[in-house]
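No gaps in the numbering here: position 67 of the sequence shown is 66 in numbering that gives the first Met the number 0, and each next residue is one more.
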Amino acid sequence: MTTTDPVAALPAVDVLPVSPLCEIRVAFDPAMLVYETPGGLRIDAIVSGGTVRGPRLDAEVLDGGGDWLTVPPDGIARMDVRATFRTPDGAVLHYTSTGRISLGDDARQRFLAGETVHGDEVHGRAAPLFETAAEPYRWLNGVLAVGRVVALSLRHIRYQLFVVD
Numbered sequence: 000m001t002t003t004d005p006v007a008a009l010p011a012v013d014v015l016p017v018s019p020l021c022e023i024r025v026a027f028d029p030a031m032l033v034y035e036t037p038g039g040l041r042i043d044a045i046v047s048g049g050t051v052r053g054p055r056l057d058a059e060v061l062d063g064g065g066d067w068l069t070v071p072p073d074g075i076a077r078m079d080v081r082a083t084f085r086t087p088d089g090a091v092l093h094y095t096s097t098g099r100i101s102l103g104d105d106a107r108q109r110f111l112a113g114e115t116v117h118g119d120e121v122h123g124r125a126a127p128l129f130e131t132a133a134e135p136y137r138w139l140n141g142v143l144a145v146g147r148v149v150a151l152s153l154r155h156i157r158y159q160l161f162v163v164d
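This is the structure in structure tokens:
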């Protein structure tokens, strides 16, 4: 009796098709907390504003969200993001994201010293989700998006989001 491997029967995919959604720029309150825990270094960064600009989404990032970053001994930072966006027509969008940022020793030291590190120095990827009842933006509730970190510091983060088509 022969069995067929169900994974081997799937069509090969070399590249997932994506299309640009937006670029998010977030500023952090300078009074962030940086402290050690048994799980690693914790950085609690509270949002002090920002922008969302792109071909499919424009909005303001409202104050008060946050990025609760954990940097364990393996050096791979774990993102836990919550934010609220308001579109130009007044719709409110809830945004959550997890992700990973791999920092080399030099980039990690510079980041923790307050410098900006860029996408060519780090490998940062995000898995965002949106939630809204606003009719013009309800399509976002079903979007699977991916993001990449373009710039990161203790004062701000900038990343690009893409919709997986």
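From the three backbone atoms N, C-alpha and C, an ideal C-beta is built for every residue, glycine too. Predicted model, so just to flag it, every value in this text is computed and none were measured.
According to the DSSP assignment, residue 104 belongs to the alpha helix (DSSP H) that extends over 104 to 111.
Under the DSSP assignment, residue 20 falls in the beta strand (DSSP E) whose first and last residues are 17 to 27.
Around the beta carbon of residue 66, 16 or more other beta carbons lie within 10 angstroms, which makes this residue buried. Taking C-beta atoms under 8 Å as the contact rule, residue 93 and residue 83 qualify, at a distance of about 6 Å. Residue 78 has 98 as its beta-bridge partners, per DSSP.
The alpha-carbon separation between residue 69 and residue 101 amounts to approximately 12 Å. For residue 111, the closest of 59, 55, 154 and 80 by C-alpha to C-alpha distance is 154. For the pair residue 120 and residue 53, the Cα-to-Cα distance works out to about 24 Å.
In the same chain as residue 128, and ignoring 5 residues on each side of it, the C-beta atoms closer than 6 Å to its own belong to 95, in chain order. No residue range can be given for residue 136, since it is assigned to no beta strand (DSSP E) and is classified by DSSP as neither H nor E. For residue 131 and residue 91, the gap between their C-alpha atoms comes out near 7 Å. Here residue 123 is buried. Its C-beta has 16 or more other C-beta atoms within 10 Å. Residues 18, 20, 142 and 144 of the same chain have their beta carbon placed closer than 6 Å to that of residue 162, with the five preceding and five following residues left out of the count.
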